[in-house]
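K.L.:
If you scroll down you'll find the structure; I have some questions about it.
Numbering (this note's numbering), first residue to last: 25 to 177.
Here it is in structure tokens:
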């Protein structure tokens, strides 16, 4: 049985779509403040270009949960993460943030597709994500955008 999670959540922000994508593509030491599930201790940028980055990110929960991903923001208003390797989720897992202009800011939609590995860490990740689900991921995106708003405001 595959341990799969599909979540879509949306919110609005006074940030422009370009600012939203820029915050999501920030792989500097500021990333941990914006995206708390990416701890600087585990953040490694392996390759980076004008519209992509290949990075390893992680955090300590029950041991270290890590994932190596390719982020692509070549499509205006969208950043997409594709998992290359992980000790928790499979390579079929993705995360996407899309921002479209709305009034003086943006509507932001996050789509998450996670297939968890049949390991202890994979099962723990699946349980935590299923218990908290859309509420947790929605809060996560709203907090990241609020932090980006503070930095740019």
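For glycine and all other residues, C-beta sits at the position ideal for the given N, C-alpha and C. Every value quoted in this text rests on a predicted model; they were computed, and no experiment measured them.
Give me the residue from 172, 93, 48 and 88 with the minimum Cα distance to residue 138.
P.N.:
93
K.L.:
In terms of residues, what are the limits of the alpha helix (DSSP H) holding residue 30?
P.N.:
Here residue 30 belongs to no alpha helix (DSSP H); instead the beta strand (DSSP E) covers 27-37.
K.L.:
Can you give the Cα-Cα distance for residue 43 and residue 121, rounded to whole angstroms?
P.N.:
12 Å
K.L.:
One question on the structure: do residue 45 and residue 123 come within less than 9 Å of each other, judged by their Cβ atoms?
P.N.:
Going by beta carbons, residue 45 and residue 123 fall inside the 9 Å limit.
K.L.:
If you drop the 5 nearest sequence neighbours on each side, which residues of the same chain put their C-beta closer than 6 Å to that of residue 96?
P.N.:
76 and 104
K.L.:
Please report the residue range of the alpha helix (DSSP H) in which residue 149 lies.
P.N.:
144-176
K.L.:
Are there 16 or more other CB atoms within 10 angstroms of the CB of residue 74, so buried, or fewer, so exposed?
P.N.:
exposed
K.L.:
Per DSSP, which one or two residues make a beta bridge with residue 109?
P.N.:
DSSP, once it has assigned bridges, lists 92 as partnering residue 109.
K.L.:
Report the option in 157, 51, 106 and 151 whose CA atom is closest to the CA atom of residue 72.
P.N.:
51
K.L.:
Could you tell me the boundaries of the alpha helix (DSSP H) in which residue 58 lies?
P.N.:
55-58
K.L.:
Determine the extent of the alpha helix (DSSP H) in which residue 41 is found, giving its start and end residues.
P.N.:
41-48
K.L.:
Could you check where the beta strand (DSSP E) with residue 70 kicks off and where it finishes?
P.N.:
68-72
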